Each structure stands twice: as structure tokens, then as C-alpha cells.
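Have a look at the structure below, then the notes.
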Amino acid sequence: MSRMMIEMVNELVNETKSEPAPKQRRTVMATSKILIVDDDPDLRQALKLRLRANHYDTVHAVDGYSAITQAHKEGPDLIILDLGLPAGDGFVVLERLQSDDRLCDIPVIVLTARDPQSSEQRVLKSGAAAFFQKPADNAELLEVIRATLPKSAPTLPS
Amino acid sequence: MKDQSTHVLLIEDNAGDADLVRLRLVEGKNHVAVSCVDRLSDGLASLTKAPPSVVLLDLNLPDCQGAETFRKVLENSPDVPIVILSGQDDEVLAMKALNQGVQDYLVKGSITSSALDRAMRYAVERQALLRSLDMSRKQQLEFKNQFLSHVSHELRTPLTCIYQFVTILLDGLAGPVTADQRDHLDTILRSVNQLGAMVRDLLEASRAESGKVRLEPHCVAIPDLVKLAVTMMRSIADEKKVGLEMGVDSRIPFVYGDPDRILEVLINLTDNAIKFTPSGGSVTVQACLAPTDPDFVYLSVSDTGCGIDPKAKALIFERMYQDPNSIDNSRKGLGLGLYIAKELVTLHGGRMWVASEQGNGSTFSFTLPLYSLAKLLTPVIIHQQKLRDAIVLLKVDVKPRTKPARGNWKEIAQRCLEILQRCVYLDKDLVLPPMTAHGPEQTYFVVASTDMERVSIMMTRIREQIDKVADLKAACDLSLAAEPVKLSGAACTDPPEKQV
């Protein structure tokens, strides 16, 4: 039991160390499309840079309403969703995604400044795949994105 | 106080005294309704049913005497003003009563009608004033907590932005970085992490203060948690060239607690110990059983650091206390860490203390209650009115097929628990708190039952239910095993065997 846990931690530590080596991964990484939903332009920009450096394609939405229209238009493989949003907060977006046959299979990772004690359970119950509080550790977030992306997501031709 | 609505509850067993008081009350006022009871139990019932304007209380009643009498009334109705009418002129008892919240203490026999009337009116006024002060204090506390929660939330957005762009620069995503630039960026990143920890502590402390911290108690393996804490703190200790040792008896029984919170306490104490230990020193995390206190596990974090000034020892667990002699001022926090740690341990039913000699290091110790099957099972066994010497434990082991995200696994485990609760016979069997150490792979559940036959029916039902939910079936492997366990009297503290 304990050995497993230490291995887990080591794995995480090693990943953190090896994370800024995107070039080596180019051939194996997937170009999945990720929809970033956040009302803060700086955070959108930062996430875009980070994800593109890891060979993800990104599109963005600035509020709850455009999150849904973008999801329809772009058909992303994964959505990173803020909770505090104008024009329909994150929970409204989760609900709409869930009730839409064409969108309900897209995994959602919630990334919010809100506190896990008050929001995490509700977020997971509303259908999100994972919850992160801002600022989220880059390596952890990337790991969960990798684990959450559907296996059938398109891969870059080598 | 409106005269016409004055309702006096007189709790007095001596009929003569009661008549006298009633007479005095009627003399003094026109509109006083007096109800009289001669036992404390009747008085408490009447207080709950129809709270009076004021209680006149004799202390020597057939069912309760002395200080215990007013204590019980205070406990039952903290908002109703109490005036004691005692046969004893006992100044010590009177002060004690006033200190605990009684409004006045009058000695029978020397009371005039107007004095009693005045004592009652003032008692009511004072009580009302106290109540409104208390209300506004509570409102202020609530406001402060809301404010802190709002602030810590709002601080996170700019903090995230700094973190994101600093790491983007550091990772070379915006072009190559020189060694000097990297040093400066590392400094920014350290400060950002420190700021992040402060923002988190701010919210935690306000929550601890208002009693809003929620524990999710599980059956927890302490050796695993200590190892995890030491692994997580290793790099900080190495960086400062402080040794980090661990002394844990792997046979320590499980404790009953929230693994995330216990880890938080361990990390907090270890981080502090490293902070106050100069390079070349060492920090030791230990866990053991103490024969003097068989219901608890003892954990301690010792360092070879500067020790604590005896004067500071009493203050060290207070909010915002900071050691003015800290040797490492660059890593100052808000002074909330130990306060939060102590609150968390107290919430678990344990205690925390410190032993230290100036110049000779410090040892922070705390206790956590052992996971006791007997204690958890008591409701089932007692409920069924029969004490069995053996029970059946059904172990439900849920293993994820692939490594899931932590939050994701939490949710799967929660859903499995909900299914279990639907499958057991609620009035006969008991689902014990989930067994877990730390991390996603180890969740398993135990159902305690007194009947093997019922358990085998349950097993079938659990399988059927989980098979019905497609995504659950796809996400995890399920294994079920039932075994009878002997209960040696009432004190069975052996947890079910650890499953690897």
C-alpha cells in the first residue's frame, strides 16, 4: 500500500522535472482540441500558451453563453471551465452540456478560484471529470488532461 | 419590559416560601402572571414549552441542589434571565452563579416587594442587552468570515496569473532564459507559492474559528501518511541541508480521522520544524502507541532547532503569533499554521502540545483516536438488543481499472458508497466509514452484519446494482469477501486486516 503511494509521488515528481521538454514529445502527443472557458483574458492567454506548448489545439470562450455555442461550433475533445462566469455561470454550463446529446460526452475539467470545500462535490456531481483550484500546478493539470481526454482523440500523424 | 406581559416562573419546592414570593410579586405589580413548580424537571419542561420573562429559582430542590440547579437552567434556557432566591447567604456561590450567567442572587427573608420587583426588571433589561451584544458579535464574526472568504477568492485570480506567466517564462515557452533571469524568476515563483499558502491559511483559519471545517473521517493508516508527508517535505529539507528522519512502528493500528487533514497537520509541523532548524540539524517525525493512553496514537515532530522561549510557549498556538527570533525571516507566514493544526487535531478528538527547551530544539506532539471497530459497531449491536460474540464483516474492495484523477476517484467511491447504503438492511447492518490511506487506489468499504445469510443476499444485490451502472462498471473492479470476526468482549480495537 505504502510502496504504491511513494511510487505515485515519485512519478509526480519526475513528471514535474521532465515537463518542460515538449520537443521530445512531439511525435507521441495528441493534437486534441481544448476549449478554454474563462472570463479573464490574461488567464486564457496563459492557458493557451501552456497547452499549445504541450501540443494541444485551443479555442476559447469568454462567458457561459459562448461556452455552449463554441462547444457546438468547434466540437472540442475537452473543456476547461471556470465557475464564476458572466452570462451563465459554470454550473449552468455544466447543466447545459449534460442535457445536450451532442455535448454530454465531452469531458469537463473545472478550474476555478473557488474553494474546493464549497464547490468540489457539487462540481463532480454536476458531471465534471475533475476539479482544480486556481492556481493549479501545471504538471498536475496536464496529467489530468492527459488522463481525461478520450482515448479516441485524434493523434498527430508522425 | 412591558408590565402587562410579565410572566414569572417560580421554581420553589417550599410551599410557604412560594406563597410569600407570590404575595410580594402581587403587592408590587398589577399585571404579573406567576406560575409555580416545585421540581427542577417541571421547571425545565415549562421553560421549554413557554419561556417566561424571568425565572425565580430556589437552589435546593428535591431533584437538584446547589450550583447544579442554576447550571441546568442556564444550559436549558441560556436566553431567559434568572434571579436566584436562596436560603443561604453564600457569597462564593453567588459569585459563581453570576459568573456563569445568572442575573442576580437574592437571599430569602430579606427581600422587600420593591427590591424583588427592581431585581426582576433589571435582570430582564441586562439579559436583553447581553443578547443584543451577542447577536451583533455573531453578525460581526459572520461578516468577517464572509469578507475573508471573498478576499481569498479574489486574490486567487491575479495570483494565478502571476504563477502562469512566471512558469511560462521559466519553462522557456517565451524564449530562452539566462541563468540570472532564471534565478530571479525562481524567486518570484517562491514568493507566489508563499502567497498562495497564506491565502489558503486565511480561509482555513476563519473557517476553523467559525466551526465550519468539515472532517471526512476514514479508517486511516498512519505509517503511510507519515511516509507521504516525509516524501513531500524531502526536497525542502534537502535544500536547507536539514536531515529528515522518520521513526514509525508499522504495527500501529488504524486511526479514525480525515487523511487529508492529518496530512495537513503533519506537513505543517514538519515545515515549521525545518524552518526553525539551522543547516546541519535534523527533524524527526515519529508515531507510536503510548501504554498510558491506549485509545490514541501519538505522533510527534522533533527538531534540533533554536527551541522556544518559555514565555512564548503559551502563545505559540494563538492566531497570528510569530516568533520574533525566527532565524529565517524570509519564510514568514501569517502565523496561522499552528493555530489551524491545533484546531484540526482538536476536531478529531485529539490534543496537541509542545515540549521545548531554549537552544535544545522542540517537539510538537499530538494524539489521534484509534479506529475502534467496537465503538463503531456499538449502535448495530445495541440496536439489535443482543450482544454477539462474533459478527460478519463484508469487505467491498473497489479498485479503479486505470489511474483516475483524484477528484474523479473520490466521486466514484462516493457513488459506490451510495449503492452500498441502498443494498444493506439499514435497520440491521452498518456500512462503516470508507477505509482508505491516502491516494486513489485504496478505497474499500466494510459492512458489518450479525448474520451470514443476510450478507450473502447483500453480496448479490451489490453486484447487481453496480453492474447496472455502466460507467461505474467500466471504471472499477469490484471484489467482495465476507468473513466472521470474533469480538473479544466490548474492547475490540483490531481493525479488519489491511488489504494490499
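Residue numbers (our numbering), protein chains in the order written: chain C, 20 to 177; chain X, 26 to 525.
The beta carbon of each residue, even a glycine, is placed where N, CA and C say it ideally should be.
Computed from a prediction, not measured in an experiment: that's the story for all the values here.
Could you please give the first and the last residue of the uninterrupted beta strand (DSSP E) stretch that includes residue i?
i                      : result
residue 77 of chain C  : 76-80
residue 130 of chain X : 129-132
residue 243 of chain X : 243-245
residue 335 of chain X : Not the beta strand (DSSP E): residue 335 of chain X falls in the alpha helix (DSSP H), residues 335-338.
residue 526 of chain X : Chain X is shown from 26 up to 525; residue 526 of chain X falls before or after that span and cannot be answered.
residue 324 of chain X : 321-328
residue 469 of chain X : 469-474
residue 31 of chain X  : 31-36
residue 62 of chain X  : 57-62
residue 381 of chain X : 377-381
Suppose the cutoff is 7 Å on Cβ atoms and the five residues either side in sequence are ignored; what does the same chain contact list for residue i look like?
i                      : result
residue 334 of chain X : 383
residue 305 of chain X : 266
residue 108 of chain C : 83 and 102
residue 142 of chain C : 129 and 150
residue 501 of chain X : 423, 424, 425, 426 and 437
residue 89 of chain X  : 65 and 97
residue 132 of chain X : 111 and 114
For the alpha helix (DSSP H) containing residue i, list its first residue and its last residue.
i                      : result
residue 117 of chain C : 109-118
residue 205 of chain X : 204-234
residue 172 of chain X : 138-195
residue 91 of chain C  : 83-93
residue 312 of chain X : Where residue 312 of chain X is concerned, there is no enclosing alpha helix (DSSP H), although the beta strand (DSSP E) it sits in stretches over 307-314.
residue 393 of chain X : Premise fails: residue 393 of chain X lies in the beta strand (DSSP E), 387-394, not in any alpha helix (DSSP H).
residue 481 of chain X : 477-493
residue 117 of chain X : 116-125
residue 70 of chain X  : 65-74
residue 143 of chain C : 135-144
Taking residue i as the query, report the chain X residues whose CB atoms sit under 8 Å from its CB, ordered along the chain.
i                      : result
residue 153 of chain C : 181, 182, 184 and 185
residue 133 of chain C : 178
residue 86 of chain C  : Going along chain X, no residue has its Cβ under 8 Å from residue 86 of chain C, so there is no contact; the nearest lies around 18 Å.
residue 62 of chain C  : 182, 185, 186 and 189
What does residue i pair with, by DSSP beta-bridge criteria?
i                      : result
residue 150 of chain C : C:129
residue 52 of chain C  : C:76
residue 98 of chain C  : C:54 and C:127
residue 342 of chain X : Answer is none; residue 342 of chain X lacks a bridge partner.
residue 107 of chain X : X:80
residue 157 of chain C : Answer is none; residue 157 of chain C lacks a bridge partner.
residue 281 of chain X : X:244
residue 421 of chain X : X:470 and X:505
residue 85 of chain X  : X:90
Beta-carbon within less than 8 Å of residue i's beta-carbon, same chain only, minus the 5 sequence neighbours each way: which residues are those?
i                      : result
residue 270 of chain X : 307, 308, 309 and 310
residue 160 of chain C : 128, 130 and 151
residue 24 of chain C  : Any answer about residue 24 of chain C is weak, because its pLDDT of 39 lies below 50 and its placement is not dependable; what the coordinates show is given next. Correct list: empty, nothing qualifies.
residue 201 of chain X : none
residue 268 of chain X : 262, 306, 307 and 308
residue 214 of chain X : 188, 191, 192 and 195
residue 492 of chain X : 498
Given that residue i touches chain X, what residues does it touch there, using C-beta distances under 9 Å?
i                      : result
residue 136 of chain C : 228, 232, 237, 238 and 239
residue 106 of chain C : What residue 106 of chain C touches in chain X: nothing, since even the nearest Cβ is about 18 Å away.
So with CB distances below 7 Å, who are the chain C contacts of residue i?
i                      : result
residue 192 of chain X : 157
residue 436 of chain X : 143
Keeping to the same chain, check which residues put their C-beta closer than 6 Å to that of residue i; ignore five residues upstream and five downstream.
i                      : result
residue 115 of chain C : 87
residue 45 of chain X  : none
residue 126 of chain X : 99
residue 130 of chain X : 109, 119 and 122
residue 233 of chain X : 365 and 368
residue 40 of chain C  : Since pLDDT at residue 40 of chain C reaches only 43, below the 50 mark, its modelled position is unreliable, and no value is offered.
residue 283 of chain X : 240, 241 and 242
residue 76 of chain C  : 50 and 52
residue 166 of chain C : none
residue 519 of chain X : Bear in mind that the predicted position of residue 519 of chain X carries a pLDDT of just 42, short of 50, making it unreliable; the figure below should be weighed with that in mind. Counting only Cβ-Cβ distances below 6 Å, and skipping sequence neighbours, we find nothing.
Please list, in chain order, the chain C residues whose beta carbon lies closer than 8 Å to that of residue i.
i                      : result
residue 281 of chain X : Residues of chain C passing the Cβ test: none, with the nearest at roughly 18 Å.
residue 188 of chain X : 154
Taking Cβ positions, are residue i and residue j nearer each other than 7 Å?
i                      : j                      : result
residue 388 of chain X : residue 323 of chain X : no
residue 173 of chain X : residue 220 of chain X : no
residue 287 of chain X : residue 262 of chain X : no
residue 93 of chain C  : residue 78 of chain C  : yes
residue 273 of chain X : residue 248 of chain X : yes
residue 198 of chain X : residue 65 of chain C  : no
residue 326 of chain X : residue 372 of chain X : no
residue 342 of chain X : residue 394 of chain X : no
Chain C partners of residue i, CB-CB under 9 Å?
i                      : result
residue 221 of chain X : 154
Just to make sure I have the definition right: I need the residues of chain X whose C-beta is within less than 7 Å of the C-beta of residue i. Which are they?
i                     : result
residue 65 of chain C : 186, 189, 190 and 193
residue 59 of chain C : 182
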